[in-house]
Each structure stands twice: as structure tokens, then as C-alpha cells.
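Student: Next up is a structure, given as C-alpha cells.
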Amino acid sequence: MVFQENAHNLADQLFGSRRIATARHNELLDNAGFDQDWWAVVQNPGKRAYERYLRLLPHLAATEIVSNPAELVALHEQTTIVDPHLGALLTVQVNLVLGTLLEQHSRTGEVAAALDDLLAGRAVGAYVLTEVGHGSDLNNLETVAEYDPADGGFVLHTPTDTAVKFMPTTAPAPVEGISRFGIVFARLVIDGVARGNYPFLVRLVDSDGTVRPGITIRPLPEKPGLAMDNSLTRFDHVRVSSECLLSHTGTRVDDNGVLIAPIPADNQAWRAISRVRLGRLCISAMATAVSRSALAIAAGHARQRDIAGMGGGRIPLAQVPAHTGPLLDAVADTYVAAAAVELALEAFTQAADEHADEQAPVLTDLVSLTKYLTTSTALRVCNEVRDRLGAQGVFAHNQIVTYRALRDAAATAEGDSYVIALQAAYRRLALPDEWTSESRDSLGSCDIDTPEAWLDWLSAREQYLQHRTLETFATTGGDRQERWDAVYDLALAAADAHITHRAARVMADRARLLPEGPRRLAENLLTLFAVRQCLTHGADLLPDGPFPKTPRSLRDMRIQLHSMLAPHLGELVDSLDLPPGLLPTTFGPDTYVTQYAQSLSEVGSGAPPRANGAPVRAASRGFRVFRRS
Ligand SMILES: Cc1cc2nc3c(=O)[nH]c(=O)nc-3n(C[C@H](O)[C@H](O)[C@H](O)COP(=O)(O)OP(=O)(O)OC[C@H]3O[C@@H](n4cnc5c(N)ncnc54)[C@H](O)[C@@H]3O)c2cc1C
Numbered sequence: 092m093v094f095q096e097n098a099h100n101l102a103d104q105l106f107g108s109r110r111i112a113t114a115r116h117n118e119l120l121d122n123a124g125f126d127q128d129w130w131a132v133v134q135n136p137g138k139r140a141y142e143r144y145l146r147l148l149p150h151l152a153a154t155e156i157v158s159n160p161a162e163l164v165a166l167h168e169q170t171t172i173v174d175p176h177l178g179a180l181l182t183v184q185v186n187l188v189l190g191t192l193l194e195q196h197s198r199t200g201e202v203a204a205a206l207d208d209l210l211a212g213r214a215v216g217a218y219v220l221t222e223v224g225h226g227s228d229l230n231n232l233e234t235v236a237e238y239d240p241a242d243g244g245f246v247l248h249t250p251t252d253t254a255v256k257f258m259p260t261t262a263p264a265p266v267e268g269i270s271r272f273g274i275v276f277a278r279l280v281i282d283g284v285a286r287g288n289y290p291f292l293v294r295l296v297d298s299d300g301t302v303r304p305g306i307t308i309r310p311l312p313e314k315p316g317l318a319m320d321n322s323l324t325r326f327d328h329v330r331v332s333s334e335c336l337l338s339h340t341g342t343r344v345d346d347n348g349v350l351i352a353p354i355p356a357d358n359q360a361w362r363a364i365s366r367v368r369l370g371r372l373c374i375s376a377m378a379t380a381v382s383r384s385a386l387a388i389a390a391g392h393a394r395q396r397d398i399a400g401m402g403g404g405r406i407p408l409a410q411v412p413a414h415t416g417p418l419l420d421a422v423a424d425t426y427v428a429a430a431a432v433e434l435a436l437e438a439f440t441q442a443a444d445e446h447a448d449e450q451a452p453v454l455t456d457l458v459s460l461t462k463y464l465t466t467s468t469a470l471r472v473c474n475e476v477r478d479r480l481g482a483q484g485v486f487a488h489n490q491i492v493t494y495r496a497l498r499d500a501a502a503t504a505e506g507d508s509y510v511i512a513l514q515a516a517y518r519r520l521a522l523p524d525e526w527t528s529e530s531r532d533s534l535g536s537c538d539i540d541t542p543e544a545w546l547d548w549l550s551a552r553e554q555y556l557q558h559r560t561l562e563t564f565a566t567t568g569g570d571r572q573e574r575w576d577a578v579y580d581l582a583l584a585a586a587d588a589h590i591t592h593r594a595a596r597v598m599a600d601r602a603r604l605l606p607e608g609p610r611r612l613a614e615n616l617l618t619l620f621a622v623r624q625c626l627t628h629g630a631d632l633l634p635d636g637p638f639p640k641t642p643r644s645l646r647d648m649r650i651q652l653h654s655m656l657a658p659h660l661g662e663l664v665d666s667l668d669l670p671p672g673l674l675p676t677t678f679g680p681d682t683y684v685t686q687y688a689q690s691l692s693e694v695g696s697g698a699p700p701r702a703n704g705a706p707v708r709a710a711s712r713g714f715r716v717f718r719r720s
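Dropping the structure here:
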């Protein structure tokens with residue numbers, strides 16, 4: 092009972108803003124019949140994701156979800172945990188494609204028809220942005236949309252081989268009877284003059300699978316791990332009507348060839364892809380969702396797997412510090428990553444409430460650094476869990492391999508996490524230097540029960556790294572690129588310290604509101620996180636940075652915190668709000684030992700073999716895991 096209450100309180104702390112939406116999405120996924128036999132091979136997970144998407148679509152209330160960041164984030168998180176292929180598909184269909192169409196200033200004619208088709212499940216979309224030669228440098232897209240004064244429409248063309256669209260999911264949908272349109276980003280040219288990048292609505296594939304004239308599409312070779320229909324696409328003078336120029340500011344070209352209501356020139360390309368900003372938030376949440384789920388699987392495994400103790404007898408891995416220590420480190424990182432998502436989500440909600448400029452650099456940079464933090468965290472967590480699961484970790488049914496593939500996609504899609512974090516770090520060069528030696532000298536003693544002192548240290552570290560960056564930048568010569576090349580690493584470390592510190596503060600603020608038991612757990616996790624930050628990044632503070640004053644070694648504090656937290660590993664991962672009953676791993680109420688023995692006993696039992704030659708499991712046997720009472 093105390094266990095469940097603690098988990099419940101901690102979940103409130105982590106996901107307070109969206110627990111209702113999370114519960115609703117969990118119920119929806121549960122009712123959609125996503126349960127599956129862990130033994131069964133999924134031959135085509137990409138196709139299954141489309142089928143699942145089309146099954147969910149009528150129940151999603153997608154048009155409302157798209158305009159509500161908390162709902163949108165919760166949808167992406169919960170679907171990713173259950174089926175990463177589906178989560179990846181939703182980032183395109185719901186946020187990017189539906190979101191862009193709904194943002195349109197005018198939703199009539201061809202835009203209305205595409206929207207109807209999408210919502211009715213007659214069509215799917217593609218977000219057609221990246222080119223072979225242009226991924227992170229979106230300002231330089233080469234695809235052209237030339238205004239034709241004869242009919243007021245536009246002619247889309249791929250002028251060079253580097254302009255070929257690379258990665259967008261343009262191929263015919265893998266389910267029959269579904270057409271495909273694209274939101275294609277191209278340089279708008281009027282009277283020979285480039286006027287900025289704009290999205291254009293382009294019908295790509297008919298419902299019988301025929302690719303439209305002037306368009307060449309070739310699915311890219313297989314990407315191991317994550318099934319998505321990423322393709323190459325070329326346009327050869329494809330005509331679209333005047334209605335197909337999309338813009339949330341109502342951009343159009345009038346009868347005299349004059350561009351009306353253009354997207355503001357400052358940050359034009361970024362404003363044109365406005366949904367990507369929210370997409371980065373969703374992807375940050377998805378990366379954290381795979382960290383959460385991976386840890387829950389690891390905790391289930393640690394309860395069931397035992398080893399031979401050196402003094403005799405068997406010991407469950409859940410009681411072996413060498414096993415649980417690294418997992419607890421990963422739990423601490425995941426809590427802070429989840430707090431970073433909360434921070435960014437709050438900023439979005441606030442910007443919307445205050446009618447602030449959502450494309451402004453403040454929010455852009457916050458979400459970019461959040462994506463960098465969460466995708467880096469997910470890499471560490473997935474790697475740790477994969478290895479801690481031993482041979483169990485290599486199987487699809489124990490999820491980690493697919494989770495790691497999702498995390499890899501998350502690190503690159505919708506803006507390479509590293510590049511966008513560098514861009515955010517670059518902008519921070521304009522911020523003031525607030526470091527003084529007083530920041531270091533005033534630090535109090537940092538012990539295992541002083542989370543506030545550790546927060547002060549995180550703050551001092553952030554200030555110091557910013558100071559070193561600015562100091563080095565000020566003494567660097569050369570052009571803009573040369574000066575940046577000289578400090579990129581310092582600037583990134585300072586920006587990372589900044590987002591880490593802010594996320595840790597969010598976690599501390601939320602922890603303070605909890606009852607005694609879960610508050611202590613959250614604070615211990617926070618302290619463990621800070622201790623490890625110092626262990627991992629301490630060298631950044633040499634020669635004169637703010638080292639924490641500690642009464643014992645960092646190593647001893649880490650080990651002590653592990654021993655305090657280890658008995659609560661179950662509560663800590665149970666608080667991560669996973670969809671109950673929808674993760675068919677082998678670590679369920681029937682242990683993996685029972686399940687493997689049972690599956691073997693079915694050989695020759697007369698049960699019909701499956702496509703892969705494995706026997707069918709007894710219909711009544713439940714392989715569900717995470718079903719909470
Ligand atoms: C699974 C997946 C799905 C995708 N889906 C879509 C989609 O639906 N539609 C679409 O249009 N695109 C899609 N993409 C493409 C994605 O948006 C791009 O991959 C992404 O923007 C990064 O571009 P890039 O791959 O060209 O990387 P690059 O821009 O080539 O970056 C690669 C590396 O080069 C270095 N680098 C690049 N720029 C800089 C810089 N300014 N400073 C320092 N170093 C730099 C960094 O080390 C960086 O990590 C998808 C990608 C993936 C992986």
C-alpha cells in the first residue's frame with residue numbers, strides 16, 4: 092500500500108501536468124487490442140504501425156490533441172512505450188502533418204480536402220523537408236516552387252541532385268486503399284526572386300498506389316530496428332494550384348504577382364516549419380518514455396533473475412549492488428530528464444496562454460536543449476539496460492533493441508540534437524557573465540542529505556562554465572566561424588549545465604510538495620544525480636571552478652545513496668506511469684523461467700505451429716507485465 096502510494100505521489104511529481112491525458116491514452120491503447128504474444132514474430136512492424144494508427148484514429152480526438160501540448164506529449168509517450176514504430180509514425184501524421192494543416196490561415200479547397208481525407212483515414216501524409224544535401228542547414232533548401240502568373244499556381248522542381256528529398260516518408264502507404272499527400276518545403280520564387288521557404292501541399296500517391304506524374308519515389312534501404320517508410324523523392328515540374336501554398340500567416344500571391352502576408356523575414360525558415368518546435372518537445376518526451384520503460388523492464392528482470400552468492404545460496408539481482416547501482420544511476424538521470432520535459436511543456440503552455448511569440452529563440456532554445464538532454468540520457472539508459480539484461484536484452488520481445496532504435500531516430504529526426512544544442516549554445520554567447528569568486532566561496536557543505544546545497548553547486552557550475560566560455564570567446568580572433576570553432580565545446584558544456592540545473596530545480600520544487608516518504612526518495616535521487624554530475628564532469632571545473640565541499644568522497648556518497656534507494660527501485664520505476672498490461676516481455680507475473688519451460692512443453696503438444704515454427708501459447712495464459720492491482 093505504502094509502495095503504491097509512494098509511486099503514485101512520485102508520478103504526480105513527474106507528470107502532474109498530464110496524468111489525466113496519460114490515463115486516457117493508456118485506456119485507449121488497451122482497448123485497441125494491442126496486446127500481443129511475446130513469442131510471436133511481427134513480420135512487418137511498419138505496416139502494423141499504419142494499421143494501428145488507422146484503428147486508433149477515429150478515437151483519438153486528433154484535432155483537439157494537436158492544439159494541446161500536454162495531450163500531444165502524453166499521446167506520443169504512451170504509444171511509444173507500447174509500440175515505438177507507432178510512436179514514430181504519429182510524430183509525422185499527427186503533429187507535423189495534421190498540425191500543419193490545422194494551423195493554416197485558410198482551410199478551404201484543396202487544404203480542406205486533404206484534411207478531410209487525413210481525418211477519415213483515406214489518406215496519410217508526409218512531411219517533406221530534408222534534402223540529400225541539406226539536413227541541419229534548412230535555410231539552404233534547393234527545391235523550388237516557382238510562381239506561374241498564367242494560372243496563379245506553382246511549379247515544384249528538384250533542380251539538382253543535392254535537392255532530392257531524403258528521408259521523408261513519401262512511399263505508397265503499406266495498407267491498401269490509402270492515398271498519400273506531402274507537405275513539401277520549397278523555395279518560393281516569384282519573378283525569378285527567392286522569397287523564402289514555404290510548405291506546399293502536393294498529392295504524391297493515389298489510393299491505388301500509383302505515384303502521381305512528375306514525381307519519382309524510391310523507398311530507402313532497410314533501417315534496422317525502426318520501421319519507417321523513409322524514401323528518396325524527386326519532383327519534375329509538378330504543378331499545384333494557388334491554394335497549395337501553405338502558411339499560418341495567410342501568405343498568398345495576388346493577381347499582380349505580389350506576395351501578401353509573408354511569413355516574417357526574421358527566422359523565416361524556422362517559422363515556416365512551425366510544428367517542428369512542438370515536434371521536438373514530443374520527441375524529447377518519447378526519448379524519456381523509452382528510458383522509463385526500459386528501466387521498468389530492467390527492474391522486472393532484476394526481481395526474477397538470481398545469481399550464485401559467493402557465500403552460498405542464490406541472490407536476486409535486485410539485491411546485488413553491482414547490478415542495481417548502475418540502474419539507479421539511470422533512474423536518477425531519467426527523473427531529471429522527465430523534469431526537463433515538464434519544464435519545456437510548461438514553457439509552451441505559458442507561451443500559448445500569454446499569446447507570446449512561440450517561435451522566439453527563448454522557447455526554441457529551451458526545447459532544443461531539452462531534446463539534447465533527453466536523447467543523450469536515453470542513449471545511456473538504453474545502453475545500460477541492454478547490457479544488464481544479458482541475453483534477454485537482445486530479443487525483440489524484451490523491447491530494448493527497438494527502444495534503442497527509437498532513441499537513435501529521436502536523436503536525429505526533427506533536428507539533429509547535437510546541432511540544435513550547439514545552435515542554442517551559440518546564442519547563449521550573448522548572455523552576461525554572472526560568475527564571481529563569491530559564487531564559489533559561498534557554497535555550503537554538500538552531503539547526502541543536503542539537496543539544496545547540491546542545487547547551489549549546479550548553479551555555480553553553470554555560471555562558471557558560462558564565464559569560461561565568454562572569457563575564451565572574448566580573446567579569440569578570426570571570423571564568426573573561427574571564433575565559434577574555438578569555443579563550441581565550452582559553450583555546449585555551459586548550455587548543458589544550464590538545462591541540467593533548471594531541470595534539477597523543477598524536480599526539487601516538485602519534490603518539496605510531496606509527503607515525507609516520497610519526498611525523501613525524490614531528494615535522494617536528485618542528490619545522486621548531482622553527485623554523478625560531479626563525478627562525470629568534474630574535470631570541466633579545473634583549474635579554478637567551484638568543486639562541491641563534501642565531508643566524504645563522491646564515491647562513498649554514491650554508494651550510500653544506492654543502498655538507500657535500492658529497496659525502492661520498484662516504487663521508483665512504478666511511478667513512471669507506464670501503460671498497464673501492454674508490454675509483452677518475459678518478466679511478467681509468470682516468470683521468464685516458467686514461460687520458457689511452458690513454451691517448450693508445448694512442442695509436440697498438438698498446438699498448431701506458428702509461421703516461425705513456434706508453438707502457439709495457451710489462449711488462457713497471460714503474458715502481461717506491469718498490470719498493477
Ligand atoms: C528516423 C528518421 C526519420 C526522419 N523523418 C523525416 C521526415 O519525415 N521528413 C524529413 O524531411 N526529414 C526526416 N528526417 C531527416 C532529419 O530531419 C534529418 O536527418 C535531420 O534534420 C539532420 O539532418 P542530416 O541527417 O542531414 O544531418 P547533418 O545535418 O548532416 O548532420 C550530421 C552531423 O554533422 C555535423 N553537423 C551538421 N551541421 C553542423 C553544424 N552547423 N555545426 C556543427 N556540426 C554540424 C554534426 O556532427 C551532426 O551530428 C528523418 C530522419 C530520421 C533519422
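Each number in the working numbering comes from the position in the sequence shown (counting from 1) with 91 added on. Glycine included, every Cβ here is placed at the ideal spot set by N, Cα and C. The structure presented is a predicted model; accordingly, all values stated were derived computationally and were not measured.
(1) Relative to the alpha-carbon of residue 538, which residue among 650, 144 and 524 has its alpha-carbon at the smallest distance?
(2) Round the Cβ separation of residue 223 and residue 255 to the nearest angstrom and send it over; I've been treating them as touching at under 8 angstroms.
(3) Could you tell me which of 275, 606, 216 and 201 sits nearest to residue 233, measuring between CA atoms?
(4) Under DSSP, the beta strand (DSSP E) around residue 190 begins and ends at which residues?
(5) How many Å lie between residue 575 and residue 586 at the Cα?
(6) Spell out a yes or no on whether the stretch 636-656 and the stretch 448-456 are touching, meaning 3 or more CB-CB pairs, one atom from each, closer than 8 angstroms.
(7) Would you say the beta carbon of residue 463 comes nearer than 7 angstroms to a heavy atom of ligand 1?
(8) Spatial neighbours of residue 107 within its chain, please: C-beta separation below 8 angstroms, excluding the five flanking residues on both sides.
(9) Check each candidate in 175, 290, 231 and 172 and name the one with the smallest Cα separation from residue 188.
(10) Ligand 1 and residue 219: does the residue's C-beta get closer than 7 angstroms to at least one heavy atom of that ligand?
(11) Helix, strand or coil for residue 102, going by three-state DSSP, please let me know.
(12) Which first and last residues belong to the beta strand (DSSP E) in which residue 307 is found?
(13) Return the chain-ordered list of same chain residues with a C-beta closer than 8 angstroms to the C-beta of residue 534, the five sequence neighbours on each side being excluded.
(14) Between the alpha carbons of residue 408 and residue 389, how many angstroms are there, rounded?
(15) Pick out whichever of 331, 161 and 635 has its Cα sitting closest to the Cα of residue 293.
(16) Quick check: is any heavy atom of ligand 1 less than 7 angstroms from the C-beta of residue 259?
(17) Are the CB atoms of residue 385 and residue 463 within a distance shorter than 8 angstroms?
(18) Measuring only from the beta carbon, is residue 456 closer than 7 angstroms to any heavy atom that is part of ligand 1?
(19) Give the C-beta separation of residue 599 and residue 621 to the nearest angstrom, bearing in mind that I take them to be a contact with Cβ-Cβ under 8 angstroms.
(20) Are there 16 or more other CB atoms within 10 angstroms of the CB of residue 488, so buried, or fewer, so exposed?
(21) Can you find a heavy atom of ligand 1 that lies under 7 angstroms from the Cβ of residue 288?
(22) I think residue 161 touches residue 436, with their Cβ atoms under 8 angstroms apart; what is that distance to the nearest whole Å?
(23) Can you check which of these residues, 104, 239 and 271, is closest to residue 183 by C-alpha distance?
(24) Between residue 237 and residue 278, what straight-line distance do the alpha-carbon atoms span, to the nearest angstrom?
(25) Should residue 342 be labelled buried (16 or more other beta-carbon atoms within 10 Å of its own) or exposed?
(26) For residue 509, verify whether its CB is less than 7 angstroms away from any heavy atom of ligand 1.
(27) Of all the alpha helix (DSSP H) runs that stay within the bounds of the stretch 525-578, which reach a length of 4 or more residues?
(28) Mind checking which residues open and close the alpha helix (DSSP H) that includes residue 233?
(29) How do the stretch 139-147 and the stretch 168-177 stand: do at least 3 beta-carbon pairs fall below 8 angstroms, yes or no?
(30) Between the beta-carbon of residue 195 and the beta-carbon of residue 337, is there less than 8 angstroms?
(31) Taking the DSSP output, what are the residues bridged to residue 279?
(32) Could you tell me how far apart the beta carbons of residue 660 and residue 419 are, in whole angstroms, since I believe they sit closer than 8 angstroms?
(33) Is the Cβ-Cβ distance between residue 97 and residue 370 less than 8 angstroms?
(34) Mind reading off the beta-carbon distance from residue 243 to residue 359? Whole number of angstroms is fine, and I expect it under 8 angstroms.
(35) Along the chain, where does the beta strand (DSSP E) that runs through residue 692 open and close?
(36) Can you say whether residue 101 is buried or exposed, counting buried as having 16 or more other CB atoms within 10 angstroms of its CB?
Tutor: Taking the definition as stated:
(1) As a position in the sequence shown, residue 538 is number 447, starting the count at 1. Nearest C-alpha to residue 538: 650.
(2) By 1-based counting over the sequence shown, the position of residue 223 is 132. By 1-based counting over the sequence shown, the position of residue 255 is 164. With 8 angstroms as the limit, residue 223 and residue 255 qualify as a contact, their Cβ atoms being about 5 angstroms apart.
(3) By one-based count along the sequence shown, residue 233 stands at place 142. Cα-wise, what sits closest to residue 233 is 275.
(4) Here residue 190 corresponds to residue number 99 of the sequence shown, with the count starting at 1. Segment 190-193 is the alpha helix (DSSP H) holding residue 190; no beta strand (DSSP E) there.
(5) For the purposes of this step, residue 575 is taken as residue 484 along the sequence shown, with counting starting at 1. For the purposes of this step, residue 586 is taken as residue 495 along the sequence shown, with counting starting at 1. Cα-Cα distance, rounded: 14 angstroms.
(6) no
(7) The count along the sequence shown starts at 1 and reaches residue 463 at position 372. Not so, every heavy atom of ligand 1 lies at least 7 angstroms from the Cβ.
(8) Residue numbering aside, residue 107 sits at position 16 when the sequence shown is read from its first letter. For residue 107, where only same-chain residues beyond five positions count, the Cβ hits under 8 angstroms are 433 and 601.
(9) Within the sequence shown, numbered from 1, the residue matching residue 188 stands at position 97. The residue with the shortest Cα to Cα distance from residue 188 is 290.
(10) Position 128 of the sequence shown, counted from the start, is the residue given in the question as residue 219. Under cutoff, so the answer is yes.
(11) Taking the sequence shown and counting its residues from 1, the one referred to as residue 102 is at position 11. Correct three-state label for residue 102: helix.
(12) As a position in the sequence shown, residue 307 is number 216, starting the count at 1. Where residue 307 is concerned, the enclosing beta strand (DSSP E) stretches over 306-310.
(13) Position 443 of the sequence shown, counting from 1, holds the residue named residue 534. So the qualifying residues of the chain are 544, 547, 548, 551, 637, 639 and 640.
(14) As a first step, residue 408 must be located in the sequence shown, where it is residue number 317. As a first step, residue 389 must be located in the sequence shown, where it is residue number 298. Distance between the alpha carbons of residue 408 and residue 389 is about 10 angstroms.
(15) For the purposes of this step, residue 293 is taken as residue 202 along the sequence shown, with counting starting at 1. Measuring from the Cα of residue 293, the nearest candidate turns out to be 331.
(16) On the sequence shown, position 168 is the one that residue 259 refers to. Yes, the Cβ of residue 259 comes within 7 angstroms of a heavy atom of ligand 1.
(17) Counted from its first residue, the sequence shown places residue 463 at position 372. Counted from its first residue, the sequence shown places residue 385 at position 294. Going by C-beta atoms, residue 463 is not nearer than 8 angstroms to residue 385.
(18) Start at 1 with the first residue of the sequence shown, and residue 456 comes out as number 365. No; taking the cut-off as 7 angstroms, the Cβ of residue 456 has no heavy atom of ligand 1 nearer than that.
(19) Along the sequence shown, one-based indexing puts residue 599 at 508. Along the sequence shown, one-based indexing puts residue 621 at 530. That belief does not hold up - the Cβ atoms of residue 599 and residue 621 are roughly 10 angstroms apart, past 8 angstroms.
(20) Here residue 488 is taken as the residue at index 397 of the sequence shown, counted from 1. So residue 488 ends up on the buried side.
(21) What you label residue 288 is simply residue 197 of the sequence shown in a count that begins at 1. It does not: the Cβ of residue 288 is nowhere closer than 7 angstroms to a heavy atom of ligand 1.
(22) For the purposes of this step, residue 161 is identified with residue 70 of the sequence shown, where counting begins at 1. For the purposes of this step, residue 436 is identified with residue 345 of the sequence shown, where counting begins at 1. Their Cβ separation, rounded to whole angstroms, is 6 angstroms, which keeps residue 161 and residue 436 in contact under 8 angstroms.
(23) The sequence position of residue 183 within the sequence shown is 92, counting from 1. If we check each option's Cα against that of residue 183, 271 comes out closest.
(24) In the sequence shown, residue 237 corresponds to position 146, counting from 1. In the sequence shown, residue 278 corresponds to position 187, counting from 1. Going by the C-alpha atoms only, they are around 8 angstroms apart.
(25) Sequence index remark: in the sequence shown, residue 342 carries index 251 (1-based). Flag for residue 342 reads buried.
(26) If you number the sequence shown from 1, residue 509 lands on position 418. Correct: residue 509 has its Cβ closer than 7 angstroms to ligand 1.
(27) 528-532, 542-565 and 571-576
(28) Residue numbering aside, residue 233 sits at position 142 when the sequence shown is read from its first letter. Segment: none, residue 233 is in no alpha helix (DSSP H) and carries neither H nor E.
(29) yes
(30) Numbered from its first residue, the sequence shown carries residue 195 at position 104. Numbered from its first residue, the sequence shown carries residue 337 at position 246. Against a cut-off of 8 angstroms, the Cβ pair of residue 337 and residue 195 comes out as a contact.
(31) Working through the sequence shown from its first residue, we reach residue 279 at position 188. Per DSSP, 236.
(32) As a working note, residue 660 is residue 569 in the sequence shown. As a working note, residue 419 is residue 328 in the sequence shown. Rounded, the Cβ-Cβ distance is 7 angstroms, consistent with contact.
(33) As a first step, residue 97 must be located in the sequence shown, where it is residue number 6. As a first step, residue 370 must be located in the sequence shown, where it is residue number 279. Cβ distance not < 8 angstroms, so residue 97 and residue 370 don't count as in contact.
(34) Here the question's residue 243 lines up with position 152 in the sequence shown. Here the question's residue 359 lines up with position 268 in the sequence shown. 22 angstroms between Cβ atoms; not a contact.
(35) Position 601 of the sequence shown, counted from the first residue, corresponds to residue 692. From DSSP, residue 692 is part of no beta strand (DSSP E) but of the alpha helix (DSSP H) over 683-692.
(36) What you label residue 101 is simply residue 10 of the sequence shown in a count that begins at 1. The residue is buried, with at least 16 neighbouring Cβ atoms inside 10 Å.
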